[in-house]
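Residue numbers (the working numbering): 4 to 608.
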């Protein structure tokens, strides 16, 4: 039988290009990939005889037109479909104990079709004296800037110019911005002003300049993930959060820093600093959005959290923030750390700003199969006495006392549910899977055999790295992160058992929250378990005082050296909500904020 050589010649250049890409990302020999791909093409087009003519064994019971068996492709060394960082697994985490279907049925029964419609968010008209100085305008809450823009008493062009100037001047000190997008920001601001002048008002975000954590892709602009390896890498598409905020009229002025691969506040240019206390980092990994918002360099910031990366820097920088219920916002176009834990949330100067921003972008996205639509109704004058609010003995007293004076009737809560043996919920496995292509490339650079990794021991990464930070790990270059290796040697059986225990934890938390709308605990006490259960929380400043941060990185202080000296700054509390109670916890925090002024203070820079 003669093969159609025209077909093979036409196919080979395309496969050769793909083979080169696969060899670069996975290390698979391009010649083997090319040969067996042509075998598969020949078999599909000409039948088994065509494949055999190229020297490949094909089962005698193979049906012409069918794909070659996967077992044969494995046997012959044909690589599986190469994966990057973003492709989601078939298994999706559902935080609602009965599953997303049960949640949707409950919402439809209780609220009807309206449960799935986005609420209209309106801001009150601006009253009082309009600030004259650029600095005072820069530190206005975003919803007050919005009111001025809507009334045409402030232009997006002026506000954008103020923030661009502040970013250029303060970034050398704060290291909060990776890329300042001056040209496109000015263009978008002029467009916003023209639309508003023509009566085409898009809503409360129209004309507001914002910054986004540099984990999200943006057309024509580098997306670095905080890593020197990617400082010039352009992912030429816009992440869904960027699209939704642009559709709402917001103006993107900067890609803001994240710690290396979303870990702490250290990235390839240095440490992002806390604007209140420059001798300490801003924490992470939403380091840039927090520092820039606190420093009056953007109207608001967009951060992400896997396990503390919104809560921690918001607390460090004395800000307001929402870590939403898992699944309420699209992660498409963002760097993946953990498909079952990653979330996108606003970091702002007031609670009302958080509600305004979140209202614009939450909801279903078919490109992110974890997403759901659920009601979000921000109530500025919510009745605190009508809510079931738990209070832990470790909750900040000043915060609780003020809410009680506003009508809260607290219910005492005790220890939260735990499940023995759950560990990190399989987090290292998700890390390793998400960064497989990168790990393979870096392993080749440092001579690490990924097929000979030792089995992990509890609480430790595989040798040779141990638990040392990435920057000090033996053999490791600056961008290497050992936590991306630990999950490679976990047995599938153990990972699945861990996920079953995690589901037990979800159910136990469902029972714990059954008679609560929310609770107030110690500020960071519930971050780790809620990373696995998907519960939302809000960060809100409640007093102005000297912080207790520990050492230079927020770690336990070395008692052999003098303690760091910190200036006073806003100190924050945290409210944890029942699942999908994001609107209620924001409304309660807003009631507190209406009666206090801590959130109106800003650092002198």
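Beta carbons: idealized from backbone N, C-alpha and C, even for Gly.
Put simply, the backbone Cα of residue 88 is about 20 Å away from that of residue 258. Where residue 177 is concerned, the enclosing alpha helix (DSSP H) starts and stops at 159-177. Judged by DSSP in its simplified three-state form, residue 308 adopts strand.
In the three-state DSSP reduction, residue 280 falls in the coil class, being neither helix nor strand.
The closest CA to that of residue 521, considering only 455, 551 and 388, is found on 388. Under the 10 Å beta carbon count, residue 83 is surrounded by fewer than 16 other beta carbons and is classified as exposed. It is roughly 6 Å from the alpha-carbon of residue 208 to the alpha-carbon of residue 252. The residues 545, 595, 598 and 599, in chain order, have a CB closer than 8 Å to that of residue 405 in the same chain once the five nearest residues on each side in sequence are set aside.
Under the three-state reduction of DSSP output, residue 564 falls in the coil class, being neither helix nor strand. Looking only at 206, 450 and 533, the smallest Cα-Cα distance to residue 146 is reached by 206. For residue 347, the enclosing beta strand (DSSP E) starts and ends at 346-351. Contact between residue 271 and residue 234 holds, since their C-beta atoms are separated by about 6 Å, short of 8 Å. Considered as a whole, the segment 378-464 harbours 392-394 as its complete beta strand (DSSP E) runs of no fewer than 3 residues, in chain order. The straight-line gap separating the alpha-carbon atoms of residue 307 and residue 338 is approximately 10 Å. In the same chain as residue 126, and ignoring 5 residues on each side of it, the C-beta atoms closer than 6 Å to its own belong to 146, 149, 150 and 207, in chain order. Remark: C-beta atoms of residue 229 and residue 262 approach each other more closely than 7 Å. Nearest in C-alpha terms to residue 575, of all of 383, 403, 330 and 276, is 403. Pairwise C-beta distances place the segment 210-227 in contact with the segment 184-200, as three or more of them are shorter than 8 Å. Within the model, the alpha-carbon separation for residue 540 versus residue 334 is close to 18 Å. Minimum Cα-Cα distance from residue 532 among the listed residues 551, 518 and 507 corresponds to 507. Residue pairing by DSSP places residue 589 opposite no residue, since no beta bridge is assigned to it. Counting only residues of its own chain and dropping the five nearest sequence neighbours on each side, residue 110 has a CB closer than 6 Å to the CB of 118. Distance from the CA of residue 382 to the CA of residue 325, rounded to the nearest whole angstrom, comes to 16 Å. Excluding its 5 nearest sequence neighbours in each direction, residue 519 has C-beta neighbours in its own chain below 8 Å: 391, 392, 393, 414, 416 and 581, listed in chain order. In this structure the segment 169-176 touches the segment 278-298; the number of beta carbon pairs closer than 8 Å is three or more. Residue 105 carries a helical assignment under DSSP once its states are collapsed to helix, strand and coil. Between residue 98 and residue 537, the gap from beta carbon to beta carbon is short of 7 Å. By the C-beta criterion, the segment 348-368 is judged to be in contact with the segment 313-325, since at least 3 inter-stretch pairs fall below 8 Å. Contact between residue 180 and residue 291 holds, since their C-beta atoms are separated by about 6 Å, short of 8 Å. For a cut-off of 8 Å, the C-beta gap from residue 356 to residue 438 is around 33 Å, too long to register as a contact. Where residue 212 is concerned, there is no enclosing alpha helix (DSSP H), although the beta strand (DSSP E) around it starts and stops at 212-216. Taking C-beta atoms under 8 Å as the contact rule, residue 254 and residue 341 fail to qualify, at a distance of about 31 Å. Residue 548 and residue 570 have their C-alpha atoms roughly 8 Å apart. Proximity to residue 529 across 590, 395 and 566 peaks at 395, based on C-alpha coordinates. Boundaries of the alpha helix (DSSP H) harbouring residue 501: 495-515, taken from the DSSP string. Taking the C-beta atoms as reference points, residue 299 is found no nearer than 7 Å to residue 129.
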